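The sequence shown maps to residues -14 to 277 in our numbering.
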Amino acid sequence: MEDVPLLTKETLYQLVETSNALPKLPLNIQNIFKLLNTPAQIYIDDVAKLVEEDQELSKLLLRHLNSNVFLLYRNISDIKEAVTFLGIESVRNLLIFFIAQKFFQAADTGKAAVFNMRQYWKHVLATSIAADMICSRLGIEDRYRMFSYGLNHDIGILVMNACLPKELDEITSKVKSGVPQIVAEKAVLGGVTHSHIGAWICQRWNFSPEITRVVELHHTPYFGTEDLKTLEIMYLADLIGTQYYERLLNVNSSMQINHKVLGSLGLTLEDQKEIGIALPNEVARIAKYFIL
């Protein structure tokens, strides 16, 4: 029997890079992100014009903003109003989410068999909702930004589902047997995790440093040197969302929380527990808007 070469970091990224399933962003989408990544030079009219040129994307964004997800006290009628009301960063993050969904789901190759993307979206939503709930308890007003970070924090899983389906299935099988997700990923991917792959696609697609940082460091917040509070919130939100996801899989990897994060945020294990208890109903409430 022929020996199977070990997967290394270099060969892994080469597999992703050369995969026919890795989407190529159209020029109009590239131009949107190029503009949004220069906040000091942004004019809201320019952003609105670019986004509205993609009618499908524009309608999708407005439909979600006016749904029961965001519970806004007003109707958002156009992209300019959305940017003014929610802020550049929140709108940018929502656009990333919708664009990633659109282009990765359009890929006609890849797609894992054991891994269930529709089920995993519930973890993504649970993380977004948990981030929003944490912000509410901390009195943080910029909840939409944290919610939108949650939608994108696992973009690396989208890449793996499209470009590395066999490896993702192997990881999922390990997770279902009780192995923690990150441990399983490192074992299968030669030390690489979905966070590394996610940061790679963020850089490749010229996403902002802020979203790239959340994608790369939401499991390891203290590896970061900037915006530590955001990383702590996303770490805790992801952990709560993962516990919810593991219950869906009927597994328990006995994930251990970093108590330094709770202490730094001024939260307790009881806060974590209460948010976890509230998640299933909230995910059920908004899943129809985000899970395609």
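Even glycine gets a Cβ: it sits at the ideal position worked out from N, Cα and C.
What you are looking at is a predicted structure, and each value in this text was computed from that prediction instead of being measured.
Spatial distance of residue i from residue j (CA atoms)
i, j, result
"P265", "H108", "10 Å"
"L110", "D30", "30 Å"
"R189", "K9", "10 Å"
"N191", "S113", "23 Å"
"N16", "E255", "45 Å"
"E201", "V68", "26 Å"
"I61", "N51", "6 Å"
"N137", "F88", "14 Å"
"Y134", "Q40", "24 Å"
"I81", "T(-7)", "29 Å"
"E231", "Y105", "10 Å"
"V1", "L7", "7 Å"
"I186", "L143", "10 Å"
"H244", "R122", "17 Å"
"F100", "S193", "29 Å"
"R59", "T(-4)", "50 Å"
"I242", "I196", "23 Å"
"G124", "Q(-1)", "44 Å"
"G248", "S4", "43 Å"
"K65", "N53", "20 Å"
"K44", "R198", "29 Å"
"Y28", "L20", "9 Å"
"A98", "L47", "33 Å"
"H204", "L213", "12 Å"
"L252", "F83", "32 Å"
"E217", "Q257", "13 Å"
"T215", "L250", "10 Å"
"E267", "A85", "23 Å"
"N13", "V236", "43 Å"
"E152", "R103", "18 Å"
"P11", "G141", "20 Å"
"V160", "Q166", "6 Å"
"A269", "L42", "24 Å"
"A272", "N22", "29 Å"
"D63", "V246", "39 Å"
"H49", "Y274", "7 Å"
"V168", "Q228", "15 Å"
"L234", "L79", "27 Å"
Burial state of residue i (16 or more Cβ within 10 Å)
i, result
"Y211", "Note that residue 211 is Glu in the sequence shown here, rather than Tyr. Flag for E211 reads exposed."
"D139", "buried"
"P206", "buried"
"D93", "Because the pLDDT at D93 is just 48, under 50, the model does not fix this residue reliably, and the point stays unresolved."
"S239", "exposed"
"F208", "exposed"
"E170", "buried"
"G226", "buried"
"L71", "buried"
"G163", "exposed"
Inset, instruction - Assess, as a yes-or-no matter, whether the segment 120 to 133 is touched by the segment 68 to 84 under the definition of 3 or more beta carbon pairs within less than 8 Å. - result: The segment 68 to 84 is in contact with the segment 120 to 133.
Inset, instruction - Indicate whether the contact test is met: 3 or more Cβ pairs, each with one atom in the segment 203 to 223 and one in the segment 114 to 125, closer than 8 Å. - result: Yes: the two stretches touch, three or more of their Cβ pairs being nearer than 8 Å.
Legend entry - Cβ contact (3+ pairs, closer than 8 Å) linking the segment 142 to 154 and the segment 174 to 193: Three or more Cβ pairs drawn from the segment 142 to 154 and the segment 174 to 193 lie within less than 8 Å of each other, which places the two stretches in contact.
Inset, instruction - Pair every Cβ in the segment 169 to 179 with every Cβ in the segment 153 to 161, then say whether three or more of these pairs are closer than 8 Å. - result: Judged by pairs of C-beta atoms under 8 Å, the segment 169 to 179 touches the segment 153 to 161, as three or more such pairs exist.
Inset, instruction - Count the CB pairs spanning the segment 32 to 49 and the segment 258 to 273 that are closer than 8 Å, and state whether there are at least three. - result: Note that the segment 32 to 49 does not touch the segment 258 to 273; fewer than 3 beta-carbon pairs, one per stretch, sit closer than 8 Å.
Inset, instruction - Kindly provide the ranges of any alpha helix (DSSP H) runs that are 4 or more residues long and lie completely inside the segment 38 to 69, ordered along the chain. - result: Note on the segment 38 to 69: whole alpha helix (DSSP H) runs with a minimum of 4 residues are 40 to 50, in chain order.
Legend entry - Secondary structure, alpha helix (DSSP H): runs of 4+ residues fully inside the segment 191 to 228: Here the runs fully enclosed are 194 to 202.
Inset, instruction - For the segment 134 to 173, list the alpha helix (DSSP H) runs that are entirely contained and at least 4 residues long, ordered along the chain. - result: Here the runs fully enclosed are 140 to 148, 150 to 161, 166 to 173.
Inset, instruction - Please go through the segment 74 to 114 and give each complete beta strand (DSSP E) segment of 3 or more residues, from N-terminal end onward. - result: Counting only runs of 3 or more residues that sit fully inside the segment 74 to 114, no beta strand (DSSP E) segment turns up.
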